[in-house]
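In the working numbering, the protein residues as written are 115 to 378.
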Amino acid sequence: MSSAVSSHTAATTTEHPAVPGPRVVASPLPDGPARAGAHAGPTSLQTPVGEWTWQPGSGSWWYSAGLLSMLALPRTALAESRSGRRGTLAGLRLPHVHADDRPRLRAALEAAALEGRTFAVDVRFLRGDGRVCATTVTGGPGSAAADGGYPAVTGLVVDVTEDRTQTAPDDDREAALRREVEQLRTAMASRAVIEQAKGVLMVLVGCSDQVAFELLGHLSNHTHRKVREVAGLVVGSASGDGQLPEDVRQILRDACPPSAPTRP
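Right under this line is the structure:
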């Protein structure tokens with residue numbers, strides 16, 4: 115079965131330069147748990163956007179190619195938390211997050227895993243080239259783990275460095291913040307089709323939630339389409355609204371077991 119497999123390696127803590135403190139913004143997400151698969155391609159966004167997934171039980175992370183590019187990190191630099199015992203949260207390490215912002219982000223991630231909360235918080239990352247990247251991180255819980263453990267926590271990272279460094283009148287800054295929040299809402303709205311596509315692939319291929327999303331990423335990379343576009347094609351085909359393009363069908367044929375052929 116063809117599948118994109120995430121790379122996870124241990125990361126070490128890095129000293130961070132002193133930079134101005136961040137601000138916390140109210141979450142633009144609706145109250146209550148978010149659906150699984152909180153991944154949205156930045157098709158309609160002008161601001162750089164990356165995607166991430168944290169598995170609280172195993173402590174593993176997945177970063178999209180866009181997030182790795184935003185933070186100037188190689189694929190081998192993926193963060194990995196310490197493994198946790200069954201029924202406990204893994205030790206949460208955030209080596210690429212500014213030291214002053216780690217407690218805030220850690221609290222938000224743990225609240226998402228334990229209490230089903232969504233969040234939006236300003237976080238500074240230290241890029242691989244040593245520069246500081248100002249971002250807004252949003253997230254929320256996904257589907258419960260197959261073994262009954264904690265749900266994955268998924269979300270987006272929006273690069274707002276340029277907005278933060280520009281000097282503008284208060285009215286302009288307020289307008290920029292409104293645009294930023296609207297961009298986040300647009301990105302989060304696209305979660306639904308990706309979640310539906312994951313469900314289709316889970317049934318079609320007989321795989322887990324995470325593997326289904328990795329397969330979407332694999333399809334995206336090898337057909338040169340955004341993840342959201344691939345998800346729309348999969349959902350449309352499953353609902354009878356159209357056929358899958360040949361390049362997408364070929365990859366799915368390789369991924370599906372013989373007993374579960376793809377839709378013609």
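Even for Gly, the Cβ is constructed at its ideal location relative to N, Cα and C.
Secondary structure note for Pro-359: it is in no beta strand (DSSP E), with a DSSP letter that is neither H nor E. Apart from the 5 residues on each side of it in sequence, Leu-187 sits with its Cβ closer than 6 Å to the Cβ of Gly-242 in its chain, given in chain order. Val-163 carries a strand assignment under DSSP once its states are collapsed to helix, strand and coil. Note that the segment 304 to 313 does not touch the segment 357 to 364; fewer than 3 beta-carbon pairs, one per stretch, sit closer than 8 Å. Burial is judged here by how many other beta carbons sit within 10 angstroms of a residue's own beta carbon; Gln-169 has at least 16 and is buried. The C-beta distance from Tyr-264 to Ala-227 rounds to 5 Å, short enough to meet the 8 Å contact threshold. Secondary structure note for Thr-250: its beta strand (DSSP E) is the uninterrupted segment 246 to 255. Contact between Cys-247 and Thr-275 holds, since their C-beta atoms are separated by about 5 Å, short of 8 Å. Comparing alpha carbon positions, the residue from Arg-367, Phe-327, Gly-244 and Pro-217 closest to Trp-176 is Phe-327. In the three-state DSSP reduction, Ser-183 falls in the helix class (H, G or I). Counting along the chain, Ser-174 sits inside the beta strand (DSSP E) bounded by residues 174 to 177. Around the C-beta of Arg-342, 16 or more other C-beta atoms lie within 10 Å, and the residue is accordingly described as buried. The Cβ atoms of Ala-234 and Thr-252 lie closer than 7 Å to each other.
Cα atoms of Gly-230 and Gly-171: separation of roughly 15 Å, rounded to the nearest angstrom.
Judged by DSSP in its simplified three-state form, Leu-270 adopts strand. Ala-345: member of the alpha helix (DSSP H) spanning 341 to 352, first to last residue.
Between the alpha carbons of Arg-367 and Gly-354 lies a gap of roughly 18 Å.
Measuring C-alpha to C-alpha distances from Phe-239 to each of Asp-273, Ser-178 and Arg-293 identifies Asp-273 as the nearest. In the three-state DSSP reduction, Arg-367 falls in the helix class (H, G or I). In the three-state DSSP reduction, Asp-323 falls in the helix class (H, G or I). Setting aside the 5 residues that flank it on each side, Gly-346 is surrounded in the same chain by Val-307 and Ala-311, each with a C-beta closer than 8 Å to its C-beta; the list follows chain order. Straight-line measurement puts the Cα of Asp-215 at about 20 Å from the Cα of Pro-162.
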